[in-house]
Every structure is written in structure tokens, then in C-alpha cells.
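Chains as they are written, first to last, in this note's numbering: chain W, -8 to 385; chain L, -8 to 385.
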């Protein structure tokens, strides 16, 4: 037996471990300090009451022979898929029910979708990037090329027609940069993909943070996307499901080549390697789309959006260049005084007792940048912002 | 972009669709008929009260800021892994905590584990077989060879030292045949695997049905297994979790080759392509291992075991050859009068209005055999057995 030696080519990413190490080393050598964390990408508010109610009701269903649920459909229950279809319809996008696949999260699907593509494909990812796009492809031995996201292009790289790619990752609003594409810019990516015969894997996990009407919340707002794109979405950030685990993936029927249909291949993949999302969780997820559920999750989202706006306003006042914050829970800022990412990390930790995430951890173009997140509590965020302002005010 | 063309080599399996079609065609042309189903592999009893209690408590945790759970550990919460460790310890098997990985089910892990092995490995599966072992490997382009399971070897094939294999699938007690290996027989497989440098993927999903003291419930009861085996287990059949989704996989630290460690590679795979099992579900699963939980799930298991014993007793009385039934929820019988699998299916449907599963659907050696399952209700099982006895009594 031989192991898959491609695993030896995956870089160990010590980013979050190193962040945690430095923060705890500071705390233990500074007794009485109160370090505030704006580094995490995890939500902090509890599930909405309507979701809780639906989860309890579903648990009760599982307690009685008459309502007990065994194996569910691989692609998710129709009650949830109909709700997701309605959610798209409310934004002007018509989907067929069989184009919607419920899963245990966007991260699983973004990795597992690669099963249906050849390992000979060339993969294009932006730099800086969510490391999972890179690592999942290295595991399978695919060649990876990078699109530079920089301050010059506002961390929104555009297609280079002199470069061929087969599989293209786009995350908008972006993690880590918070930058989001307009419909017009996405249209250029869709046209490029259709010219190259490429597929776009579109990570829409942060779509619910988009406020600006010109920005896309789904790639299917763009003509031609049904021929080249797969969209991944999640309840994690929308409804606080990071520990409850539910997402969905949209694969249009038009995404085909020869006799191969991406939609049918994904159903085959899921029915062979997956047994569906817990009934209880799907009932909870469906409650997100009720009138009351929507009202409640938007109240939670407003908290995170206010946090993001507060951080962004501070950057404006401090005259610090940044992307994100307005249509994203992430603020990606240029480190002041040309500090390096880790240099600024230490400066902020030692002088303001605030922890963020060094941009260098997301790729070479992240050097000199820094990520702050809006998922902390309102109190922590407000105090952290006030400390940052005090420290960096010239 | 090219799709993964290996998908074109996966055989469409119409087994359960064809069973459903024939059953519903019969029902619609025979008004007033009452067709009884002993074909399904899904549980029918509701979750145990202790599990329900734990699920409700966990939902409440998610409703309050102080107890809310975001992203959990990729490999599962320690409270559940400690319980699983205790479950193995009670059977005399010592595991380290980091050898236990919680997942959303044995089926997912049995497919996904292949990510850590080279696609050049030769895979050995029994025939007849759970189709997922075959299909997941065809998707990745691996060569598959078969070990014949037949009436002559009691549907328990033994290793052939003249054949080399890299990855070996063993399911015991077996689906579909219900046959289970003794420790001595498993030892031969372990020795063969260690000689060949192969890995055994051991599917223990039905271990809780083993009564006979000579039969293994875990491959780690066998010396040498820690050097060559991975064990997959599930709450699906043990505790009725088919729609609640939780399982676990044990990868010993000794399973290594060169610088590659299966345990470390799987953790890397899971942390890159998976975000853990819902907190709520893990709390429910942990309740299975409490004293009260164990008592309750064993009451449920006794129902299925009584059903299996009832079917097996009928076969004894009818002088029909079969495997399973005593240490398994499956009864795998030789079709009477040398009928073919589908011939017997139609005979039983038309003359006793009972539905089972034709063995031919599980592989060439399944022809002439038939699977009945013990997961129906006690009433349905008793009536179906009485009809079968009446029909087949000479």
C-alpha cells in the first residue's frame, strides 16, 4: 500500500496556532492584562429563537415512532430545498429544485466537489486566499496558479486572457480581504470562464453582508454563469450555524461537457460518499427562511454589521487604507508606517492588547496587511476600536 | 476543464429502484393487497429517551450566549471521544484519544478515507459487497479485484496468498450476507495484510449485533491489527442514528509507512475538507454511552435481534440454507428450488406479498440468494414470517 504522497506537498499553516501562541505568551507575562480578540472568524451570538423552536420540534419528531426520520435524501429534504429556492427567487434568481444540494457546510462541498473534476485541471486561486482552496487541490495533485490581489486592484483581481485556467475560485465578499465584486466585474470572470471552458467555484458564504446594490450576492445574477459556475453557500455566517453545520450548493443543469453533467455527477458523488444532513439540523435551517426567522437572523447580522462599520469608521478617521467592512464582516487594512504583518501584530498586542490576524498568513500578497473581524461581541469590538484609535492617532 | 471521466465507469445500480418499482406495480394491480417490506436496511424505532433528553439540552445550549457553540474540533468533542474510548475499553481495547475521529457517518468516512491513499493501490473487495466500496474506488480510478464469498466458504472468504492487494475491505458482521468472522479468521486477514504491506478498512457498523463470544466485534481484538487496520463504526444501527448522522473512525498511531502516518494524514484531510459534526448531534451520541442510554438502546436492539431470530428460526424450520440472523440484522438465504434472485423476489411478492432484496444486486456471487432484514416492526416481521412459512412449507 502506498499513501497519497501529495500530502507531503501541503504547507503546514501555523497562522492561527502562532497567533494563539503569541497572544497567550503576552497574557501570561502581563498579569492583569485584558487581551481583546478581533481575530476569529467564528460567530458569537446564539441561534435565533425560531431556529431553536424548530430544532426542539424536530428532536420531538425523532422521539416518536410516527414522526421518526431514518435515512433522508442525499441532496436534502424538499422542505429545505424549497425554502432555499424561495430565497433565491426573492432575489430574482430562478432555480430548479434538483439544482440545490443541501450539505453539512460550504467547506465540505468546496473540497469534495473536486472529486468530479479531472486531476489534470489547472486551478486558479487568488492570493491572498482562504487556505482550503489551495490545500484541497494539492492533496489531489493539481497544478495551482495564482491571481495577484493587491492594493492596486483593490484586492479584486481580474481575469488575464493570456493565462489558461480550468477551475477558478472566487470568494466574494472575500475572506480574508472583505473586497466584493460588482456584477460587471463578475461578468468579466464569467465570460473568461466560458471562453476558456473553465468552471468557476463561487464561494458566497458572506453574501448576507452585502449592502451595496451594485455588488453581486450570487454569481447567478450574471448572464452566462449557469453555463460555467457552481455556487457554495452556508448558514454559518448568515444564521450562526458554525457549530450546527448546514450549507448548500447550487449546480445548474447547463454545466456540462460532452456526456458529463456536473449536476448528475455531484448527485452520484454525494449518494456514494455522503448520507445527508441530520433531519434535526435541516428543520432548524428551514426556520431561517420563515418571516420570523428572517427578522431574527437580520437582527443578529445587524450586530456584526454595526461592528464592521465601527471598525471601518475608525480606519477612515485614522486615514488607514483598507478593503471590506462595508459589505463584509472582514476589515483588511494596510499596516500603518509600512510595518510588516507580524510586526503590526506584535505592535497592536503589546500596545493596545488587541489581537488580529496577520495578512501574510493568507499568501505572499498579504504581507503588510492585517485582518480584523466583526464577529466579536459589541462590547469587545467597541473597546478594541477605541484602543486602536488611541494607539494609532497621530 | 475536464470532468473526472472515471465516473463513466461506475455501474448504475438499479437494485433498490427496481425493487420499489416491482413492489408498487404489484400493489397498484392488486387493490386491497398489503405488501410487507423486509427489504430495507433502515431502522424504524425512535431515538432512545436519554438521547432525546441530551438533544433537547444541547439545543438549549445553542440558544444562550453563555453556552452557545461555534466551530467545534474537526475530530470531535472530547466528551464524545472519551465516551467512545470508554466503550472500547469496556471490551478490552485500549485506544489513545487522538486515534478516535468523530464523523457524520461510517459511509462518509469509508469513502473519504481514500483521499489519503495512492490511486495506484490495488483494492480487494468481497463479492457480494456493499456497493459503496466499489463505486468510491472506481471514482478515483483504482484497480479492483474480488474475493469470492460463496456458500462453500460460508460467505466468509479467506486471504489468497498468491494475490497481492494494497487496500482490503472487510465488513463483519457483513452487509448483505450477515456472515461474521471469528477472531481466528480475522487474524489470518491481519497477518496477510501485514505481509503484503496492505491496509484493512474494517467496517464494524453492525458490531452491536454480535452475540457469539468467538466472533470479533472490533478488528483491534486481533494482534497485529494496529499495524494495518482502520475501523469504521456508526451510531446508525446501534442507536437508530440513520437520520441523525454520527459515526466514528479509529486510526491507530502504528499505521505508518516511511514518513507518512495514516492518523496524521486523516486529521489533515478532515481539517481541510470537513468542519466537524453538529454539537447537538455529538451531545445526543454521547448520551448513548451513559448507563441509562445503554439500557435503552439495548432494548431497541433486542427488538431487531428478536426479529432476526424469528426469521432465522423460520429458515431452520423450512430447511433453507442461510447465513446471518444470529449475529446480524441480515438473513442471507439460498433461494428455494434453485430459483434465481429475481425469480424468488417475484415469487415471494406474488404469493406472500412480502418484499426482500435480490442477492444478485450485490454482485455475481449473490445470484440465487436473497436478503431479508430485521429492521421492520415486530408486527410486520411476525406476519411476514408467517406468510413465508405458509408459502414455502413443503
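A virtual CB, placed ideally from N, CA and C, is assigned to each residue, including glycine.
None of these values were measured; they are calculated from a predicted model.
Nearest-angstrom Cα separation, counted from residue j out to residue i
i                      : j                      : result
residue 82 of chain W  : residue 76 of chain W  : 10 angstroms
residue 53 of chain W  : residue 43 of chain L  : 8 angstroms
residue 41 of chain L  : residue 232 of chain L : 13 angstroms
residue 247 of chain W : residue 157 of chain W : 14 angstroms
residue 306 of chain L : residue 90 of chain W  : 46 angstroms
residue 125 of chain L : residue 219 of chain L : 20 angstroms
residue 79 of chain W  : residue 162 of chain W : 18 angstroms
residue 252 of chain W : residue 243 of chain W : 9 angstroms
residue -1 of chain W  : residue 148 of chain W : 30 angstroms
residue 312 of chain W : residue 67 of chain W  : 43 angstroms
residue -8 of chain L  : residue 190 of chain W : 7 angstroms
residue 104 of chain W : residue 187 of chain W : 20 angstroms
residue 63 of chain L  : residue 7 of chain W   : 15 angstroms
Status (buried if at least 16 other CB within 10 Å, exposed otherwise) for residue i
i                      : result
residue 150 of chain L : buried
residue 266 of chain W : buried
residue 134 of chain L : exposed
residue 257 of chain L : buried
residue 16 of chain L  : exposed
residue 216 of chain W : buried
residue 25 of chain W  : exposed
residue 99 of chain L  : buried
residue 49 of chain L  : buried
Chain W contact residues for residue i, given Cβ-Cβ distances below 7 angstroms
i                      : result
residue 189 of chain L : -8
residue 390 of chain L : It is not possible to answer for residue 390 of chain L, since the shown part of chain L is limited to -8 through 385.
residue 111 of chain L : -7
residue 96 of chain L  : 266
Pick from the options that is closest to residue i, judged by C-alpha positions
i                      : options                       : result
residue 171 of chain L : L:196, L:26, L:183 and L:0    : L:196
residue 209 of chain W : W:202, W:103, W:239 and W:193 : W:193
residue 200 of chain L : L:225, L:213, L:177 and L:176 : L:225
residue 180 of chain L : L:207, L:105 and L:198        : L:207
residue 2 of chain L   : L:361, L:352 and L:364        : L:352
residue 234 of chain W : W:-5, W:12, W:-6 and W:36     : W:36
residue 368 of chain L : L:296, L:-8 and L:241         : L:296
residue 254 of chain L : L:222, L:282, L:281 and L:275 : L:222
residue 354 of chain W : W:241, W:166 and W:183        : W:166
residue 205 of chain L : L:145, L:340 and L:174        : L:174
residue 18 of chain L  : L:65, L:385, L:337 and L:275  : L:337
residue 137 of chain W : W:144, W:160 and W:123        : W:160
residue 95 of chain L  : L:324, L:298 and L:227        : L:227
residue 358 of chain W : W:285, W:87, W:262 and W:168  : W:168
residue 360 of chain W : W:366, W:381, W:321 and W:385 : W:321
residue 291 of chain W : L:259, L:56 and L:316         : L:56
residue 164 of chain L : L:120, L:294, L:185 and L:260 : L:120
Contact list for residue i against chain L, beta-carbon separation under 8 angstroms
i                      : result
residue 199 of chain W : Correct list: empty, because the minimum Cβ distance to chain L is about 17 angstroms.
Contact list for residue i against chain L, beta-carbon separation under 9 angstroms
i                      : result
residue 108 of chain W : -8, -7, -6 and -5
residue 91 of chain W  : The premise fails here: residue 91 of chain W is roughly 19 angstroms from chain L at the closest Cβ pair, so nothing lies under 9 angstroms.
residue 248 of chain W : -8, -7 and -6
residue 354 of chain W : Ordered by position in chain L, no residue passes the 9 angstroms Cβ test against residue 354 of chain W, which lies about 16 angstroms from the chain.
Within chain W, the residues that residue i reaches when beta carbons sit closer than 8 angstroms
i                      : result
residue 36 of chain L  : 56 and 59
residue 401 of chain L : Any answer about residue 401 of chain L is impossible in this case: the structure gives chain L only from -8 up to 385.
residue 62 of chain L  : 33, 233 and 234
residue 328 of chain L : In chain order: nothing, as chain W lies at least about 34 angstroms away.
residue 157 of chain L : -8 and -7
residue 123 of chain L : 263 and 264
Cβ-Cβ separation, residue j to residue i (assumed contact under 8 angstroms), whole Å
i                      : j                      : result
residue 131 of chain L : residue 117 of chain L : Going by Cβ atoms, the distance from residue 131 of chain L to residue 117 of chain L rounds to 19 angstroms, so no, they are not a contact pair.
residue 326 of chain L : residue 93 of chain L  : Going by Cβ atoms, the distance from residue 326 of chain L to residue 93 of chain L rounds to 41 angstroms, so no, they are not a contact pair.
residue 342 of chain L : residue 129 of chain L : Not confirmed; about 38 angstroms, so no contact.
residue 107 of chain L : residue -6 of chain W  : 6 angstroms
residue 287 of chain L : residue 39 of chain L  : 4 angstroms
residue 375 of chain W : residue 345 of chain W : 5 angstroms
residue 230 of chain W : residue 74 of chain W  : The pair is not a contact, with the Cβ atoms about 12 angstroms apart (cut-off 8 angstroms).
residue 203 of chain L : residue 178 of chain L : Rounded, the Cβ-Cβ distance is 16 angstroms, inconsistent with contact.
residue 363 of chain L : residue 350 of chain L : That pair is no contact at about 11 angstroms.
residue 380 of chain W : residue 309 of chain W : 7 angstroms
7 angstroms Cβ cut-off: residues of chain L touching residue i
i                      : result
residue 161 of chain W : Going along chain L, no residue has its Cβ under 7 angstroms from residue 161 of chain W, so there is no contact; the nearest lies around 15 angstroms.
residue 127 of chain W : 263 and 264
residue 103 of chain W : 264
Residue i: contacting residues in chain W (beta-carbon distance under 9 angstroms)
i                      : result
residue 251 of chain L : -7, -6, -5, -4, -2 and -1
residue 13 of chain L  : Going along chain W, no residue has its Cβ under 9 angstroms from residue 13 of chain L, so there is no contact; the nearest lies around 21 angstroms.
Cross-chain neighbours of residue i in chain C, by beta carbon under 9 angstroms
i                      : result
residue 270 of chain W : This model lacks chain C altogether, as its protein chains are W and L.
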